[in-house]
Each structure stands twice: as C-alpha cells, then as structure tokens.
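Below is one structure, written out as structure tokens; comments come after it.
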Amino acid sequence: MGDSTYDRAITVFSPDGHLFQVEYAQEAVKKGSTAVGVRGNTIVVLAVEKKSVAKLQEERTVRKICLLDDHVVMTFAGLTADARILIDRARVECQSHKLTVEDPVTLEYITRHIAQLKQRYTQSNGRRPFGISALIAGFDYDNTPHLFQSDPSGVYHEWKANATGRNAKTVREYLEKNYNEEVAKSDEATIKLAIKSLLEVVQGKNVEVAIMRRGQSLKMLDSEDIEKYTAEIEKEKEEEAEKKKQKK
Amino acid sequence: MSILTYNGGVVIAMKGKECVAIAADRRLGVQGQLICTNFNRIFEMGPNLYLGLPGLATDTATVAQRLKFRLNLYELRENRRIRPKTFSAVVSNLLYERRFGPYFVEPVIAGLDPKTNEPYICNMDLIGCPNEPEDFVVCGTCVEQAYGMCESLWEPNLEPDDLFETISQALVNAFDRDALSGWGGIVYIIEKDKVTVKELKTRMD
Numbered sequence: 381m382g383d384s385t386y387d388r389a390i391t392v393f394s395p396d397g398h399l400f401q402v403e404y405a406q407e408a409v410k411k412g413s414t415a416v417g418v419r420g421n422t423i424v425v426l427a428v429e430k431k432s433v434a435k436l437q438e439e440r441t442v443r444k445i446c447l448l449d450d451h452v453v454m455t456f457a458g459l460t461a462d463a464r465i466l467i468d469r470a471r472v473e474c475q476s477h478k479l480t481v482e483d484p485v486t487l488e489y490i491t492r493h494i495a496q497l498k499q500r501y502t503q504s505n506g507r508r509p510f511g512i513s514a515l516i517a518g519f520d521y522d523n524t525p526h527l528f529q530s531d532p533s534g535v536y537h538e539w540k541a542n543a544t545g546r547n548a549k550t551v552r553e554y555l556e557k558n559y560n561e562e563v564a565k566s567d568e569a570t571i572k573l574a575i576k577s578l579l580e581v582v583q584g585k586n587v588e589v590a591i592m593r594r595g596q597s598l599k600m601l602d603s604e605d606i607e608k609y610t611a612e613i614e615k616e617k618e619e620e621a622e623k624k625k626q627k628k
Numbered sequence: 156m157s158i159l160t161y162n163g164g165v166v167i168a169m170k171g172k173e174c175v176a177i178a179a180d181r182r183l184g185v186q187g188q189l190i191c192t193n194f195n196r197i198f199e200m201g202p203n204l205y206l207g208l209p210g211l212a213t214d215t216a217t218v219a220q221r222l223k224f225r226l227n228l229y230e231l232r233e234n235r236r237i238r239p240k241t242f243s244a245v246v247s248n249l250l251y252e253r254r255f256g257p258y259f260v261e262p263v264i265a266g267l268d269p270k271t272n273e274p275y276i277c278n279m280d281l282i283g284c285p286n287e288p289e290d291f292v293v294c295g296t297c298v299e300q301a302y303g304m305c306e307s308l309w310e311p312n313l314e315p316d317d318l319f320e321t322i323s324q325a326l327v328n329a330f331d332r333d334a335l336s337g338w339g340g341i342v343y344i345i346e347k348d349k350v351t352v353k354e355l356k357t358r359m360d
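Taken in sequence, the protein lines are chains A and B.
Heads up, the first sequence is in our numbering, so the first residue is 381 and it goes up one at a time.
Heads up, the second sequence is in our numbering, so the first residue is 156 and it goes up one at a time.
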C-alpha cells in the first residue's frame, strides 16, 4: 500500500499468455499445509493440518484459523507471513465497513475485498503476488452460511466444501464423493466430514478444527473434542469394514 | 453559550466494593428546547466496561462508533478483552489526535478489570487528559452541583445496592439544579458477574 517508487514490474506476461509469478505463487500454495472447509446448513467448519513443532520449540499453538470479525473466519494454505498481512487488512476492512454503512460485511464482500487486494499485487510495480490461498467462511447478517476460496491470482469462488494446500486434490475428491444434502443438514455430520476428509491425508493428532454455528461465535475444538470425533470416525470405519466382510 | 453545553447532559461514575456504577441523565435538548427524553449517553464497550459521553450529541455518537471500531480491532488482534486502563489510553489517544479541532465530548469510563475484577473509573477533558481518582468522576453541564453531591454522599466500600442509592441520589439532586440536564435517569451497576440497569423516575422538567 502507498505509492511505490519502483518502476519495474515483476509480474509480467510470458509469450504464451501466462503470468509466471502468479503460477509460482500457486506452487507455493501447493506446498503449504492442508486446509479444509465445509459448509452445512447451520454450521461452517474449517480444519487445518497442524505442523509438528521441533523439540525445543514452545508448543504455543500457531493459529492458522483466524477471526476476521464476529461472524467471519478465515484459514489459508501457503506463506504464513503473507497471510498475516492479508488478515490484518481484512480485519480493518470489516470494521471500516461496519462504521461507514452500519452493517457487518457479507462474506462475498470481504472475499471480494481480499481478492481485489491480491489482484492489485499482481499488477503493481516492484511487488510480488501473495503466496496464499484463503478459505473464508461464516454467516451473512441474514444468517445464510457461505464458504469462499480465493487464490493468489485474485479469483474467488463460492464452494459447498473445498480444500487447499498439500494434497488438496485427494481431499477434494473425498469431499466430492461424500458431501450431500443429508450431511449439510446435520451439524455433527458436517464436522465429521471435515475431520474425516482431512484425516485422509494427515495424522489424527495434527489437526486444528474450528466451527461456527449460526448465531454463535467461533469455537475452536480442543483436543478432547477432536479425539472424540476421531474415535467415532474410527469406529464407523471399522463397522464399514465389518459389513463389507460379512457381505463377502 | 459554550459548545459543550449546547445539548446538555451529565454523567457520573462511582467506585464501590468490587463494583462500579455509571449513571447519566436522559435529556437531549437544543439549548433551551427539549428534543427527547430517552437519549443514550452510556455505551457498552465490553461485558464489564462502560463509557459515558456527555457533551455535543453528534460527537457522542461519532466518538462511540469510532471507539468501537478501534476496540474491535484491538480484541481481534490481541485475541483478548481490553483492560479498562488500556481502554482509557485508547480514548485519550483518539481525542488528542484531534487536538486542534477536538470532539466536544468529555468521556467518563467505568469498568472492572477482566482478570482481577478491580474497579476502575476515569474521566477526561475534551482533548484527552485522563483523571483516575479513587472515588468518583463527573462530566457534563452540572459538574459543580454533581461534585458537591458526590463529595457529600460518597463513602468508600459501598455494596452494590448502597452504591446504586448513592449514585442515584447524587445524580438526581445534581441535575435537578440544572436547566439543561434531567428528564429521567439511567444507572448501570457493574459487578463481577452481572450488570444491572435501572431507570430512574424523576421530575420531568
């Protein structure tokens, strides 16, 4: 932000129409730890892979799931340092919007704002794109739930369930197979689906889960709750395996 | 007529035993003429933190909204509730930013520390000079009368019910001697686990 006195652009077109810097940023995202978001009818769930800490490092949880406002929560995959900047700018915009139009932001508005910011950095002198893909979830003030994803190029889409980061493709395929209306209707099923899909690619102990129910504030699930869900999921998997065996 | 007395109004806050109380009148006027009798001068800034803004009514609304903006950002970034002392500093900073074209409000802050539950009261002038006494604070159009009433009625370590009586009597008898304040009163008693709001039935003149 502010005027740049650089006069050389870093993100320029290639002869065949690609913006390589943006594509390299998307590569950086693919290296980041996995993040999953699932939208139910009365709940939104975000789950991320927690990086294991080194032996001498304090286990103070580095929160990858951040509140942007009372009703909007965001997580991301990619460069954590870049994310800090975007999160701060988004938080200021949420408050600024509330002050000037006296309404809390809608999910689409704040996603558009973040996406526009990302796009600006792909078309400015001396700047490189943000290396993060954000998953933004929450409820509008008319209580409809939404889940949006934005990537380093500045495009954004709304999703019913999505994943980004390492192994995102695997998780997304799992979500496509298992997400349906029945799941969306039940809060518990939505939470379980999010955790299950993340467990496809990640160990059980290394997940961080946050839920936001309609009309309530964000709740981070503590390790006891996560264990409870993983235990239930294990049990269901075993029962499935049993049934398959019996059929044979 | 001074700009600070254009709309009228008074706010008092007092410390008690593990509680604080903040009270204000309900009048909104345009010099002598009454406009409404349910004007809100006290704003909730946190579960145990209240801010009273007597003075020019438009600045009352604006300062309250701008402060809420800063407070929300603080709570999102720090991921915790603000302490009343820190909030005082934020208010003081906001007002001094406008040193040479100030907001015409004289804030009164009352609250309990989120961790220790220690009572805290503070008042400021319109450019943010804070005053943090141990007993009571007053701001508005009948400060002299209010100071007199508070000085005579206040004593240390009042229980919440006694504090309510004390602050109500101080408020009502002060604004009854002022043409620009009155027309009803509202009292907030802030304790560790609850906040009680009481509306006072007063002389409506």
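Think of the CB as a built atom: it goes at the ideal place given N, C-alpha and C, for glycine as much as any other residue.
It should be emphasised that the depicted structure is a prediction, and the values quoted were computed from it without experimental measurement.
Among residues of its own chain, excluding the 5 on either side of residue i, which ones have a beta-carbon nearer than 7 Å to its beta-carbon?
{"i": "Asp567 (chain A)", "result": "Gly420, Thr422, Ile423, Arg593"}
{"i": "Gly511 (chain A)", "result": "Ala405, Ala408, Val409, Gly458, Leu459, Asp462, Pro532"}
{"i": "Asp520 (chain A)", "result": "Thr486, Leu487, His526"}
{"i": "Thr326 (chain A)", "result": "Because chain A here runs from 381 to 628, residue 326 (chain A) falls outside it and cannot be looked at."}
{"i": "Asp280 (chain B)", "result": "Glu261"}
Taking the alpha-carbon of residue i as reference, which of the options has the nearest alpha-carbon?
{"i": "Thr385 (chain A)", "options": "A:Arg492, A:Gly518, A:Ser504, A:Ile516", "result": "A:Ser504"}
{"i": "Met200 (chain B)", "options": "B:Arg332, B:Val246, B:Tyr161", "result": "B:Val246"}
{"i": "Asn203 (chain B)", "options": "B:Thr271, B:Leu308, B:Leu313", "result": "B:Thr271"}
{"i": "Lys608 (chain A)", "options": "A:Lys625, A:Glu622, A:Lys628, A:Val587", "result": "A:Val587"}
{"i": "Arg469 (chain A)", "options": "A:Thr486, A:Thr524, A:Ile490", "result": "A:Ile490"}
{"i": "Val428 (chain A)", "options": "A:Ser394, A:Glu620, A:Asn547, A:Pro395", "result": "A:Asn547"}
{"i": "Ile237 (chain B)", "options": "B:Gly256, B:Tyr205, B:Lys349", "result": "B:Tyr205"}
{"i": "Ser157 (chain B)", "options": "B:Leu211, B:Thr357, B:Gly256", "result": "B:Leu211"}
{"i": "Gln401 (chain A)", "options": "A:Met454, A:Leu436, A:Thr502", "result": "A:Thr502"}
{"i": "Gln583 (chain A)", "options": "A:Leu448, A:Phe393, A:Lys430, A:Val418", "result": "A:Lys430"}
{"i": "Thr217 (chain B)", "options": "A:Lys444, A:Glu482, A:Asp449, A:Val416", "result": "A:Glu482"}
{"i": "Gln300 (chain B)", "options": "B:Asp333, B:Asn234, B:Asn278", "result": "B:Asp333"}
Please state if the CB of residue j and the CB of residue i are separated by a distance shorter than 8 Å.
{"i": "Ile167 (chain B)", "j": "Leu326 (chain B)", "result": "yes"}
{"i": "Gly266 (chain B)", "j": "Pro239 (chain B)", "result": "yes"}
{"i": "Val581 (chain A)", "j": "Thr414 (chain A)", "result": "yes"}
{"i": "Ile494 (chain A)", "j": "Leu527 (chain A)", "result": "no"}
{"i": "Ile390 (chain A)", "j": "Arg508 (chain A)", "result": "yes"}
{"i": "Pro288 (chain B)", "j": "Gly171 (chain B)", "result": "no"}
{"i": "Val293 (chain B)", "j": "Val165 (chain B)", "result": "yes"}
{"i": "Met359 (chain B)", "j": "Ala329 (chain B)", "result": "no"}
{"i": "Tyr221 (chain B)", "j": "Pro209 (chain B)", "result": "The sequence given here places Arg at residue 221 (chain B); Tyr does not occur at that position. Going by C-beta atoms, Arg221 (chain B) is not nearer than 8 Å to Pro209 (chain B)."}
{"i": "Val452 (chain A)", "j": "Gly534 (chain A)", "result": "no"}
{"i": "Trp309 (chain B)", "j": "Asp290 (chain B)", "result": "yes"}
{"i": "Thr351 (chain B)", "j": "Gly339 (chain B)", "result": "no"}
{"i": "Lys576 (chain A)", "j": "Ile613 (chain A)", "result": "yes"}
{"i": "Gly337 (chain B)", "j": "Arg182 (chain B)", "result": "yes"}
{"i": "Ile322 (chain B)", "j": "Val342 (chain B)", "result": "yes"}
{"i": "Ala569 (chain A)", "j": "Glu562 (chain A)", "result": "yes"}
{"i": "Leu448 (chain A)", "j": "Cys474 (chain A)", "result": "yes"}
{"i": "Val392 (chain A)", "j": "Leu578 (chain A)", "result": "no"}
{"i": "Ile264 (chain B)", "j": "Phe242 (chain B)", "result": "yes"}
{"i": "Ala541 (chain A)", "j": "Val418 (chain A)", "result": "yes"}
What is the rounded straight-line gap between the Cα of residue i and the Cα of residue j?
{"i": "Gly412 (chain A)", "j": "Ser597 (chain A)", "result": "27 Å"}
{"i": "Met600 (chain A)", "j": "Ile591 (chain A)", "result": "6 Å"}
{"i": "Leu250 (chain B)", "j": "Leu226 (chain B)", "result": "15 Å"}
{"i": "Asp180 (chain B)", "j": "Gly506 (chain A)", "result": "57 Å"}
{"i": "Tyr161 (chain B)", "j": "Leu497 (chain A)", "result": "44 Å"}
{"i": "Trp539 (chain A)", "j": "Pro484 (chain A)", "result": "21 Å"}
{"i": "Leu479 (chain A)", "j": "Ile344 (chain B)", "result": "28 Å"}
{"i": "Leu399 (chain A)", "j": "Asp387 (chain A)", "result": "18 Å"}
{"i": "Ile571 (chain A)", "j": "Val425 (chain A)", "result": "6 Å"}
{"i": "Val472 (chain A)", "j": "Leu228 (chain B)", "result": "7 Å"}
{"i": "Lys617 (chain A)", "j": "Asn558 (chain A)", "result": "14 Å"}
{"i": "Ala514 (chain A)", "j": "Ser603 (chain A)", "result": "24 Å"}
{"i": "Ser530 (chain A)", "j": "Glu314 (chain B)", "result": "55 Å"}
{"i": "Ser307 (chain B)", "j": "Lys349 (chain B)", "result": "28 Å"}
{"i": "Lys585 (chain A)", "j": "Lys628 (chain A)", "result": "34 Å"}
{"i": "Ala574 (chain A)", "j": "Asp316 (chain B)", "result": "51 Å"}
{"i": "Arg443 (chain A)", "j": "Ala244 (chain B)", "result": "28 Å"}
{"i": "Leu189 (chain B)", "j": "Leu159 (chain B)", "result": "16 Å"}
Excluding the five sequence neighbours on either side, which residues of its own chain have a C-beta within less than 6 Å of the C-beta of residue i, listed in chain order?
{"i": "Asp214 (chain B)", "result": "Tyr258, Phe259, Val260"}
{"i": "Arg254 (chain B)", "result": "Ile282"}
{"i": "Asn193 (chain B)", "result": "Arg181"}
{"i": "Lys347 (chain B)", "result": "Asn272"}
Looking only at its chain, what residues have a beta carbon closer than 8 Å to the beta carbon of residue i, apart from the 5 residues adjacent to it on each side?
{"i": "Glu439 (chain A)", "result": "Val433"}
{"i": "Asn312 (chain B)", "result": "Gly171, Lys172"}
{"i": "Asn523 (chain A)", "result": "Arg594, Gly595"}
{"i": "Ala219 (chain B)", "result": "Phe198, Leu206, Leu208"}
{"i": "Cys284 (chain B)", "result": "Ser247"}
Check your understanding: Which runs of the alpha helix (DSSP H) spanning at least 4 residues fall entirely within the region 310-347 of chain B, listed in chain order?
Key -> 315-330
Check your understanding: What residue ranges within the region 475-555 of chain A form continuous alpha helix (DSSP H) runs of no fewer than 4 residues, ordered along the chain?
Key -> 487-500
Point to revise | Minimum length 4: unbroken alpha helix (DSSP H) runs contained in the region 547-606 of chain A | key: 548-558, 561-565, 567-579
Exercise for review: At 3 residues or longer, and completely inside the region 411-437 of chain A: list those beta strand (DSSP E) runs for me, N to C.
Suggested key: Counting only runs of 3 or more, we get 415-419, 423-429.
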